[in-house]
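In this note's numbering, the protein residues as written are 84 to 345.
A virtual CB, placed ideally from N, CA and C, is assigned to each residue, including glycine.
As the structure is a computational prediction, the values presented were derived from the model and not from experiment.
Let me begin by presenting the structure, written as structure tokens, before commenting on it.
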Amino acid sequence: MENISVSSINTKAIVMPNQYLNVEHKEPNYVLFEVLSDFQLRWNRKEEKLQCGDIVIGTKFKIFNDTKQLATLRGIVFQADSLPQASWPIVVKKAVFTVEGHTSLKSLFSFITSPSELNLELNKLLHSLLLSIKEPSLQVCSIGLGGTGKIDRRLIMINRYIRENYEQPITLQMLADLIQCNPIYLSNTYSKVFKISPIRYLQNIRMEHAKQLISSTDLSIKEIANRLGYISRSQFTELFKRYYHVTPTEYRNELCLSKYNI
């Protein structure tokens, strides 16, 4: 991207309860917001829920505080001549944002000391953001293998998210929401590409870590279940037995017997 120029920066804007911030610009002028509270994004009679850390880029939209608390965000107004065509506004969820993007975002609001540095860092940030683009209006996505045989970046994004967040409660709907895709369609497409469903892949990772935690720590079975993102010990026990044909407690006892050759 070329010819990027920052016009202004607001490091903290406050939106009162049940009030909204109205954005109206024309290309090549854009606004980038990082929301620091939960908001509703509204545009063209559509809406989407934003959570703390999500990024919005666009020219015309409203950010509505539908809570009873003060809500905050920070933003940048900038000019860019060569942003790719997209349906504005663009939303990038915090969960799928790259490490490089987080670093550039932090620098923009904290460490920049000159206009040239600012424009350079914004260029880096936009590059990272546009790699993670999700269009809010997209209800059913076309994902899978591209014409070149490469795996769609959104499937790679889901795969990476599962590996990095397996300890968190994760549902198929949550994964689909990350890329604004129908959950059944996501599961079917992911399964065709990776030969395993996303939830099955998640369970495989959790079960491998479960064995490690049972064998190498003194954590209780309940603590292990909680650490691996399960809502209850019984749910964890049922899945563990399905995988290894013994309960977690039985598996730990077998390890103890084996250790002492009993």
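Between the CA atoms of Ser88 and Ser193 - distance to the nearest angstrom: In the sequence shown, the residue the question calls residue 193 occupies position 110. In the sequence shown, the residue the question calls residue 88 occupies position 5. Their Cα atoms are separated by approximately 18 Å.
When DSSP labels each residue in this structure, what does Arg128 get in the three-state scheme? Within the sequence shown, numbered from 1, the residue matching residue 128 stands at position 45. Coil at Arg128, not helix or strand.
Which first and last residues belong to the beta strand (DSSP E) in which Val174 is found? On the sequence shown, position 91 is the one that residue 174 refers to. Val174: member of the beta strand (DSSP E) spanning 173-175, first to last residue.
To the nearest angstrom, how far is the alpha carbon of Leu221 from that of Cys264? Counting from one through the sequence shown, the residue named residue 221 turns up at place 138. Counting from one through the sequence shown, the residue named residue 264 turns up at place 181. Confidence at Leu221 is low in this model, with a pLDDT of 32, below 50, so its placement is unreliable and the value that follows should be read with caution. Leu221 and Cys264: Cα-Cα distance of roughly 7 Å.
Would Leu322 and Ile307 be called neighbours here (beta carbons separated by less than 9 Å)? In the sequence shown, the residue the question calls residue 322 occupies position 239. In the sequence shown, the residue the question calls residue 307 occupies position 224. No, the pair does not count as a contact, with Cβ atoms beyond the cut-off.
Among Leu188, Asp260, Ile138, the one whose alpha carbon lies nearest that of Trp171: Position 88 of the sequence shown, counting from 1, holds the residue named residue 171. When each option's Cα is compared against that of Trp171, the closest is Ile138.
Is Leu311 helix, strand or coil when you go by DSSP? Within the sequence shown, numbered from 1, the residue matching residue 311 stands at position 228. Reduced to three states, the DSSP call for Leu311 is coil.
Are there three or more Cβ pairs, one per stretch, closer than 8 Å when the stretch 298-314 is compared with the stretch 268-276? no
Alpha helix (DSSP H) runs wholly inside the stretch 246-275, at least 4 long, in chain order: 255-261
With DSSP run on the structure shown, which of helix, strand or coil describes Lys143? Taking the sequence shown and counting its residues from 1, one reaches residue 143 at position 60. Reduced to three states, the DSSP call for Lys143 is strand.
Among Tyr103, Val160, Val174, nearest to Thr150 - alpha-carbon criterion: As a working note, residue 150 is residue 67 in the sequence shown. The option with the nearest alpha carbon to Thr150 is Tyr103.
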